[in-house]
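So the protein sequences, as listed, match chains D and V. For what it's worth, my numbering labels the leading residue of the first sequence as -15, then goes sequentially. For what it's worth, my numbering labels the leading residue of the second sequence as 350, then goes sequentially.
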Amino acid sequence: MTSTLTLPTIPAMADPFVAMRPSPEALISGPCALPAAPLAMPQQQIEPDLRLSTRLARWLGRDDDSLRGTT
Amino acid sequence: MGWLAHPRGAALIALRMLALGLSALAGFGAFVLFLQFGQADGLQTLDVVRAVLILISTLWLAWGAVQALIGLTTSPSAPRINPSAPIKGATVVLVPVYNEDPVSTFSRVAAMDASLAATGETANIHFAILSDTRNDEIAARETLIFAHLVEERDGIGRFFYRRRTNNVGKKAGNIEDFITRSGAAYDYALILDADSLMEGETILQMIRRIEAEPTLGLLQTLPRVIRARSRFARAMQFSASFFSPVFARGLAMLQGRTGPFWGHNAIVRTRAFAESCGLPALRGTPPFGGHVMSHDYVEAALLARKGWLVRLDDDLEGSFEEGPENIVDHAKRDRRWCQGNLQHARIIGAPGLRGWSRFVFAQGIMAYIAPLFWLGFLAASIAAPLFVPPPDYFPEPYWPFPYFPPSEASKAIGLAIGIFGLLLVPKLLIAARAALLGHAREFGGTAIAFASTVAELAFSSLTAPVLLAYATRSVFQVMMGRDGGWPTNNRGDGRLSLTEGFVASWWIVSIGAAGLVLTYFLAPGLLFWLLPVGLPMLAAPWLISWSSQPAHSNLMRVPSETTVPPVVALHDRILTRWDNAFPAPDDARVEPTSASGRSPANA
């Protein structure tokens, strides 16, 4: 038996509230996209510098930056 | 006793020296005992080699035991800050995902948000889901379920989602991408894994602590393993809940300003992280070159290098993670960690690192190469009888009675007892302390806690040879230049049949059988001693299959089973609802994975 109180089925898009709801794609490219607030993240030196020039400079007692990157 | 719980300066140096000294003493003791044992039939070169191998292995075992013994001396304590201080800074909770099931992962976000809301605190806390998912179908599902999450939690303006087009740098690159795009919007970033779950109150306390201590760059919690179902997973879960807090206490006492970062369930000061933790690719190609795999240890070391405080607060509860359900998934994850840790050999000499950071790298490397020393010791012991000269019972030419060299077997037995003691005593002491302090009640009472400890010891002794075999293979693979990549783990039901167990471990069976046969022919006297290693290897397929089945025992209970933590209960309810609303396609749920996280629970 069907209840007389059963509401008729209404297409989802006919509901004005549902119609306003953005699609998932619109959501992630709109209000839920990451905020633009860049922060610099400079790359760190994480390996020992084993270049001959650096070692030579160290051995000579002058850890001269100008020698770096020459090999 | 606060100074002992968090020693500084001279006290810290003294404690570190004591820990290292005791470990060295145990190693040296084993070395001397073994040399005395070897002298019984004439000291050979191979005896000295074996003595050195046993020195290194014992030293490593003793280091673990000493950490536990130190940890037993104090209890975790909270730093002295106002636990209800208003929160001023903005925080983002970062949830990196990689091909995980979005229903599982995003429902965790919903649960944590609900848990935060329940605290009544109005702090500025956002969630950012950072997708590195490669599978387009899963990615489509991510957007759909994200929209549901936003709607259900009224999350516009608080919840964010982005998917990278390429996943350069893997998880570390994913976080770095966020920091460089959006990092300036937040003072703090709570870094999670896809399977992380944290109580709202815990998140708030972490923010308050990092806010109260301006030099604190990273605050790590001790995550507890939850939701274990199989025998293997429950043993890991029990170990993580019962033993790990004491080991972590020892670690916290030794950490100084250079604490650990396990990749997840930790909060960072965004500015400190940005200025310190930009990771370049290492020179050369994987496995030793390329992107840093185990980035967490490196980031902790780099923060400390810049003068930031990195701290483990082991008093913080309400931090959870999940673990692998079977030995094979554990071995897959361990393969990745092995490569990551061995890669640190390239970083250990980086300029400016603190001494303790270098020591932590060495410790990580040692954790994976230690099985090689045991393997070397076993191989040398099997081969040793080939090099022993026949006994000379008549060393004096005209003496009519035979001379029997004194037996040094008691020294060998003493050595074996000592080594087993290093493995067993810390765990037994932890159980005794739990009984004395009443913690055992949370684990089912004193009797159940002790029985669980014995069961865990038996289980870990049985599975150790199999796990060591996998770890040894991983080391050889990395040494041979094979890159393990970034595989997805399965953490679903995890049951494995005997056939699947055999496919995964036939080579372990073969090595175990070959080892026992060789021992029988070359050194039959050693056969009995090698059975505890050889038999589990022969039974590896059965062990893998048996341990992957659901556990029904009353043993290995943990507090989160007796009293389900609020956020876990919340997640259970949300997950059930979402599972019904979004059934997995083909009923083939992709279960959550851990991209890189580690913790002592899994150590």
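Using N, Cα and C, we set each Cβ at its ideal position, and we do this for glycine too. This structure is a prediction, so every number in the text was calculated from the model and none was measured.
Check	Outcome
Within chain V, partners of D/Leu36 - CB distance below 9 Å	None at all; the shortest Cβ gap to chain V is about 15 Å.
Contact check, V/Val827 vs V/Leu691, beta carbons under 7 Å	yes
Cβ-based neighbour list, V/His640, same chain, cut-off 8 Å, excluding 5 preceding and 5 following	Val517, Gly518, Lys519, Ala521, Gly522, Leu628, Ala630 and Leu631
Residue of V/Leu402, V/Pro720, V/Leu353 and V/Gly864 minimising C-alpha distance to V/Leu600	V/Leu353
Any C-beta of chain D under 7 Å from that of V/Tyr510	yes
Other residues of its chain near V/Ile718: CB distance less than 7 Å, five sequence neighbours each side excluded	Val824
Within 9 Å of chain V by C-beta, residues of the segment 15 to 32 of chain D in sequence order	Pro15, Cys16, Ala17, Leu18, Pro19, Ala20, Ala21, Pro22, Leu23, Ala24, Met25, Pro26, Gln27, Gln28, Gln29, Ile30, Glu31 and Pro32
Start and end residues, alpha helix (DSSP H) containing V/Ser730	Gly704 to Ala732
Cβ-Cβ distance between V/Thr440 and V/Ile556 below 7 Å	yes
Contacts of D/Leu44 in chain V (Cβ-Cβ under 8 Å)	Here the premise fails: no neighbours, minimum Cβ distance about 17 Å.
Touching by the beta-carbon criterion (3+ pairs, under 8 Å), the segment 859 to 866 of chain V and the segment 875 to 891 of chain V	yes
Neighbour-count burial assignment, V/Thr407, 16 or more Cβ in a 10 Å radius	buried
Whole alpha helix (DSSP H) elements within the segment 476 to 526 of chain V, 4-residue minimum	485 to 501
8 Å Cβ cut-off: residues of chain D touching V/Glu525	Met25
Within-7 Å CB hit, V/Ile696 to chain D	yes
Under 7 Å between C-beta atoms of V/Ser801 and V/Leu904	yes
Own chain, CB closer than 7 Å to V/Ala459, minus 5 neighbours either side, in chain order	Leu498, Glu501, Arg502 and Ile923
Residue-level contact to chain V via CB, D/Leu40, 7 Å cutoff	no
Short CB-CB distance (under 7 Å) between V/Arg530 and chain D	yes
DSSP beta-bridge partners of V/Phe669	V/Leu546 and V/Arg573
Helix, strand or coil at V/Gln688 [DSSP, three-state]	helix
Opening and closing residue of the alpha helix (DSSP H) in which V/Ile762 lies	Ala758 to Leu786
For V/Phe736, the nearest candidate out of V/Ser706, V/Ala434, V/Leu395 and V/Asp485 (CA to CA)	V/Leu395
Within 7 Å, strictly: CB atoms of V/Gly843 and V/Ser579	yes
Residue interval of the alpha helix (DSSP H) (run including V/Ile405)	Thr394 to Gly420
Amino acids of chain D, ordered along the chain, whose beta-carbon sits closer than 8 Å to that of V/Phe495	Pro8, Leu11, Ile12 and Cys16
is_contact[V/Thr440, chain D] using C-beta, thresh 7 Å	no
Contacts around V/Leu465, its chain only, beta-carbon distance under 7 Å, and the 5 residues preceding and following it disregarded	Ile474, Gly549 and Ile552
Inter-residue spacing [alpha-carbon to alpha-carbon] between V/Arg301 and V/Gly608	This structure gives no information on residue 301 of chain V, because the portion of chain V shown stretches from 350 to 952.
Collapsed DSSP secondary structure at V/Ala954 in the structure displayed	An answer regarding residue 954 of chain V cannot be provided, because it is not within the stretch 350 to 952 covered by chain V.
Neighbour flag for V/Gly627 against chain D, beta carbons, 7 Å	yes
Reduced DSSP secondary structure (H/G/I, E/B, other) of V/Ser579	strand
Alpha helix (DSSP H) segment containing V/Ile923, residue limits	Pro915 to Ala930
Rounded separation between V/Leu785 and V/Phe792 - CA only	13 Å
DSSP bridge partner residues for V/Pro899 (one or two, in chain order)	V/Ser579
Cα-Cα separation between V/Ile762 and V/Phe386, rounded to whole angstroms	10 Å
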